[in-house]
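Input: a single structure, listed below in structure tokens.
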Amino acid sequence: MTAINALLAIIVLSLLAYALLAGADFGGGFWDLVAGWSRRRDRDPEGQRKLIAASLGPVWEANHVWLIFVIVCVFSGFPTAFGTIATSLELPLGFALVGIVLRGAAYVYRAYGGGAALPDQWWGRIFAGASVLTPFMLGVSGAALATGTLGPHSAPTEPFRSAFALTAGVLAVAATAFLAAVYLCHNAAQYPETAHLVRVFRQKAMGAAVAAGAVVLALLPLFYRDAPAVAARFTDRSIPLAVLSALCGAGSLLVLWRERYILARFTAAAAVVGVLGGWAAAQYPDLMTGVYTAAQSAAAPQSVDAMLIAMCFGMAVVLPSFYLLLRIFSSPAVDEH
Amino acid sequence: MSGLVVARVETALSLSFHILFAVFGVGLPWLVLYAERRWLTTGDRVWYALTRKWARVMAVLFAIGAVSGTVLSFEFGLLWPTFMATYGGAIGLLFTLEAFAFFAEAIFMGLYLYGWKRLSPRAHWLVLWPIAVAGTLSTLFIVMANAWMNHPVGIGSTGGKVTARPWAIFTSSTSWTEVTHMLVAALMCTGGAVAAVYAVGMLRGRRDRYHRNGLNIGMATVLVLAPIQFLVGDFAARDVSATQPGKLAAMEGHYTTSGHVPLTIGGFYDNRTHHLVGGLPIPDGLSLLLNFKPGAVVPGLDQLPADQQPMTAVVHLAFDTMVGLGSVILLIAAWGGWRWWRGRRRGDSPRVRLTRTWLWAGAFTGPAAMIAMLAGWEVTEGGRQPWIVYQHMLVADAATKSTGLGWALLATILIYLGLALALILILRKLASGAPPDLQSDLDDGTEAQNTMEAQAAS
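Respectively, the protein sequence lines represent chains A and B.
So the number in the numbering used here is just where the residue sits in the first sequence, counting from 1, plus 58.
So the number in the numbering used here is just where the residue sits in the second sequence, counting from 1, plus 480.
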């Protein structure tokens, strides 16, 4: 049982890493999408898009691997549940995959294509649209697992029937936008040529914080209605994490207002960790509520042990490398590849 | 269409799409490693230009390989839920290790592609090493998982759950022959594609040093590896004959178990008569090849019940395509080796004269290596049918029961077609010759040198 719990802990931590790192990349796509919507010249939509692209460039692929890692951990560690989870979520996961493929392809086609296939703006729109689609679908998928209505024979559209799951998808988009705007405030402040964007992203970050908070408030009653079993455990276990999230979310507003952008990164991240962590704690020990617990669907003990050993060695290599990557590109500059 | 057919077509499509780009993620870093090293040691801007160009190509292909690989990891569950439920744990270790290799590749790829100004030239070059090693390791782990499906080792069961000795796969001979075969193939595909791009450029009249260096690296890679690949392929075939006799029989289109089995080159397998139509039989060839005895008995497809036989017609054709194209590349290698040796004896410079025929040969190696590689995958996958895990689980039992996947297949086809088309256009633009600011460096160094020597002599 302890090996299984260790594996679950690794999966949750990796999911958090994915949300905090790749989430911000998706959020960057969201801001790319809406950059042109304001008519005001001083907001420099093309400058915003360039800064977003420069911030993503070196890290988005490494950030994306966290998702692959989570998938691999689930299918290797909990093979019985994985098949059912994947088939019952085939529609939202399928859409998420479309988003993942189009986002990545459009990003490199825009960065390296030089307009050979489609004009850069078109790839930009595809990149941005896919960046919104993917977190929405992943949010729907995660929330649908909590509802308890999925099973081996549930209809493909079942995940979309719950208002809770749909709202969770919206929350995922809001959270990624919030993270991205907060991270971009600091990035924009690094160079004089992007300094005028700090104000723009600060405003966006505060707007996204308020929006995400509002979505959470709308989500909570739906959560108790649509996912009663998990919600009950949420009341028992996750209140401290929820409080942390609320405090850090509100604190982010204050910190952003005081223009403390590095501190804002930590409060913003903590707010997201509180929500995701709260859900994960409440979901335990169910993988798919009402169908599979972690222990029921785990792989044979020697397989889990071997994976854990491999993970110790793997993380020993990957984590320092990841730190190096993030440190070297802590201040992304436009036009550097 | 039934779930099974959709699942099979979708998997074949996603795998082929992925592997066409993934091979460059494995092979290109090694070539860039060489080119950037040459730039660092000589300061020659032509090598720098090649490095920069290949880095851009690598960036695009790596990203497409990464996202299409993500699709595959989801598809295991979406299309093959029963297979994953039963054997997910058994191949889990390999996929975990692969995830880490991929992690390392992605991290250092970010450092490499965006680190031109932030890392010292030496550090920037060193960053290529983890990329190249990790790319090679991911191939190793993924192909081993496939090898395990071909020759599942270490399977047991306790308490109704399938168990597998997780480390057993590393001691299976099938793993190592299949992995080596694929790694060499990936390098050959990369070398061939690079050679083809520059050969076509030169055939169009761009006969500068930039193109010549690119062509030579590509040609050297694909041609030097050709004889090695033949040996590795021979080992792999012996392993197949030992572990999966049905697959070997399908590869050779060999139905009736007997001694003195001929080796038939070409020909089409007729499913009704179980004979090869056409083709060139070499008497006792297969018996000799496998056991070094003309009378050696080779088990045929008749050993298997009809519902356990692979689609021999397809497998045999794919096998002959692979071996045929490989043989032509080997002939080019022999011809090139002879020309090189002759050039060296005469003191020619360059050693191998870049005649139009030679350039056409170079242009041929790229598509040939790619098609041979895809055909090879058809052999190993098609030859395992109807099993998904050889002799343990049928493909039909592993597939999803979902019926609404036709739309997913249609969407995949459309998206992948669109992306592939866009990619071809982008790569074509990238392959538009040396960067304009390089023209002054492009004078043919050797010719200039020859002229100077000639003048000095007179």
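Just so it is clear, CB atoms sit at the ideal spot from N, CA and C, and this is done for glycine as well.
A quick note: this is a predicted structure, and the numbers were derived from the prediction, not measured.
Status (buried if at least 16 other CB within 10 Å, exposed otherwise) for residue i
i	result
residue 773(B)	exposed
residue 334(A)	buried
residue 894(B)	exposed
residue 818(B)	exposed
residue 727(B)	buried
residue 370(A)	exposed
residue 916(B)	exposed
residue 867(B)	buried
residue 122(A)	buried
residue 317(A)	exposed
residue 926(B)	Here residue 926(B) scores only 47 on pLDDT, less than 50, and its place in the model is too uncertain to base an answer on.
residue 69(A)	buried
residue 626(B)	buried
residue 354(A)	exposed
residue 650(B)	exposed
residue 491(B)	buried
residue 338(A)	buried
residue 296(A)	buried
According to DSSP, residues forming a beta bridge with residue i
i	result
residue 573(B)	The partner list for residue 573(B) (beta bridge, DSSP) is empty, contrary to what the question assumes.
residue 906(B)	Paired residues: none, contrary to the question.
residue 637(B)	642(B)
residue 750(B)	755(B)
residue 319(A)	Bridge partners of residue 319(A): none, in fact.
residue 873(B)	869(B)
residue 74(A)	None, per the DSSP bridge assignment.
residue 851(B)	Residue 851(B) is not bridged to any residue.
Same chain, Cβ closer than 8 Å to residue i, neighbours up to 5 away in sequence not counted
i	result
residue 322(A)	240, 243, 244, 263, 310, 313 and 314
residue 742(B)	761, 762, 763, 764, 765 and 766
residue 900(B)	497
residue 938(B)	Below a pLDDT of 50, predicted positions are generally treated as unreliable, and residue 938(B), at 45, falls in that range; the measurement from the model is reported next regardless. If we look at residue 938(B) and ignore the five residues flanking it on each side, it has no Cβ neighbours.
Nonlocal neighbours in the same chain, by C-beta distance under 6 Å from residue i, ignoring five residues either side
i	result
residue 936(B)	Confidence is the limiting factor: at residue 936(B) the pLDDT is only 48, short of 50, which leaves the residue's position unreliable, though a coordinate-based value still follows. For residue 936(B), where only same-chain residues beyond five positions count, there are no Cβ hits under 6 Å.
residue 789(B)	781
residue 226(A)	197 and 201
residue 280(A)	221, 222 and 225
residue 90(A)	107, 110 and 186
residue 663(B)	619
residue 852(B)	802, 805 and 806
residue 118(A)	83
residue 103(A)	93 and 94
residue 621(B)	574, 577 and 578
Nonlocal neighbours in the same chain, by C-beta distance under 7 Å from residue i, ignoring five residues either side
i	result
residue 230(A)	193, 194, 196 and 197
residue 267(A)	236, 307, 310 and 311
residue 839(B)	679, 682 and 683
residue 931(B)	Low confidence applies to residue 931(B): its pLDDT is 43, below 50, so where it sits in the model is not reliable enough to give any reading.
residue 791(B)	862 and 865
residue 594(B)	none
For residue j and residue i, the rounded distance between their alpha carbons
i	j	result
residue 271(A)	residue 228(A)	12 Å
residue 482(B)	residue 878(B)	13 Å
residue 955(B)	residue 661(B)	Within the shown structure, residues of chain B are numbered from 481 to 938, placing residue 955(B) beyond reach of any answer.
residue 735(B)	residue 488(B)	26 Å
residue 500(B)	residue 755(B)	33 Å
residue 386(A)	residue 857(B)	40 Å
residue 493(B)	residue 129(A)	21 Å
residue 720(B)	residue 606(B)	39 Å
residue 929(B)	residue 85(A)	Here the model assigns residue 929(B) a pLDDT of 44, short of 50, so the residue's position is not dependable, and the following value carries that caveat. The straight-line gap from Cα to Cα measures roughly 57 Å.
residue 185(A)	residue 165(A)	6 Å
residue 72(A)	residue 134(A)	15 Å
residue 350(A)	residue 136(A)	10 Å
residue 64(A)	residue 903(B)	42 Å
residue 786(B)	residue 592(B)	53 Å
residue 933(B)	residue 830(B)	Low per-residue confidence applies at residue 933(B): pLDDT is 44, beneath 50, and the placement is therefore not dependable enough to give any value.
residue 161(A)	residue 149(A)	18 Å
residue 567(B)	residue 882(B)	20 Å
Closer than 9 Å to chain E by CB, residue i
i	result
residue 122(A)	Absent from the structure is chain E; the protein chains it does hold are A and B.
beta-carbon residue i near the ligand GDP non-hydrogen atom, thresh 8 Å
i	result
residue 757(B)	Looking at this structure, you won't find the ligand GDP or any other ligand, since it has none at all.
*Counting only runs that start and end within the stretch 685 to 738 of chain B, where is the alpha helix (DSSP H) found for 4 or more residues in a row?*
689 to 723 and 725 to 732
_Ignoring anything shorter than 4 residues, give me the alpha helix (DSSP H) runs that lie fully in the stretch 344 to 388 of chain A, in order along the chain._
352 to 355 and 359 to 386
_Which runs of the beta strand (DSSP E) at least 3 residues long sit entirely within the stretch 640 to 674 of chain B? Give them in chain order._
641 to 644
*Can you check the stretch 192 to 258 of chain A for any alpha helix (DSSP H) of at least 4 residues that lies completely inside it and give the ranges in chain order?*
With a minimum length of 4 residues, the continuous alpha helix (DSSP H) runs that stay inside the stretch 192 to 258 of chain A are 221 to 246.
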